[in-house]
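Here is the structure we will look at.
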């Protein structure tokens, strides 16, 4: 990722835009500190698709649909390997 100061970005805006259009993100700095990143429209739209939705449950459901493997992908041995085999800690409701 190339880095430009605000002054350099202003003076070389055409070059900066060309780099961004070619798929290279460009970082803009102010007094040596990171201030912004310039992305292509295509990359911005790709990232924007993953913005959280207003409805939390719909977001969770969509994530679960894509993130969870199906039962056919997990073997019995793999699932059994998740279990903790040690004895649990001693517990009593009474103090």
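Residue numbers (our numbering): 363 to 457. We treat Cβ as the ideally placed atom computed from N, Cα and C, and that holds for glycine. Treat the numbers as computed from the prediction; the structure is a model and nothing was measured.
Scanning the region 372 to 430 from its first residue to its last, the whole beta strand (DSSP E) runs of 3-plus residues come out as 388 to 392 and 395 to 400. The C-alpha of residue 410 lies about 50 Å from the C-alpha of residue 455.
Taking each of 378, 368, 379 and 404 in turn and checking the Cα distance to residue 395, the smallest one comes out for 368. Boundaries of the beta strand (DSSP E) around residue 365: 364 to 367. Residues of the same chain with a CB within less than 7 Å of the CB of residue 381, apart from the 5 flanking positions on each side, are 364 and 388 in chain order. Residue 453 counts as exposed, since fewer than 16 other beta carbons sit within 10 angstroms of its beta carbon. DSSP places residue 450 outside any alpha helix (DSSP H), giving it a letter other than H or E.
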